[in-house]
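Heads up: the structure comes next, in structure tokens.
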């Protein structure tokens, strides 16, 4: 991505639930951020060392315990939880 100026990105998570004979319900979570100019940190996994969440100066790879900060998965699963409790 050398030379790329717009480094905005988003982590996204989709969770689906389907009852027999019914249409699948899909729940989405998203967390916006930017892609760093290099690999930073050793925490997390996957893209964590290059993802800088909105409002933060560090990558997830630089934040110990970053799993508890990730909002995109929690958003999707909270929506699923609400759906299951109300349907």
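In the working numbering, the protein residues as written are 105 to 191.
Glycine is no exception: its CB is placed at the ideal position from the N, C-alpha and C atoms.
It should be emphasised that the depicted structure is a prediction, and the values quoted were computed from it without experimental measurement.
Residue i to residue j span [Cα, whole Å]
i: residue 130; j: residue 177; result: 13 Å
i: residue 118; j: residue 144; result: 27 Å
i: residue 169; j: residue 150; result: 15 Å
i: residue 186; j: residue 106; result: 42 Å
i: residue 148; j: residue 139; result: 15 Å
Simplified DSSP assignment, three categories, for residue i
i: residue 157; result: strand
i: residue 185; result: helix
i: residue 168; result: coil
Local Cβ density within 10 Å of residue i, reported as buried at 16 or more and exposed below that
i: residue 152; result: buried
i: residue 124; result: exposed
i: residue 141; result: exposed
i: residue 159; result: exposed
Contact belief for residue i with residue j at Cβ below 8 Å, rounded distance in angstroms
i: residue 135; j: residue 157; result: 6 Å
Own chain partners of residue i with C-beta closer than 6 Å, once the 5 adjacent residues on each side are dropped
i: residue 175; result: 135
i: residue 114; result: 134 and 136
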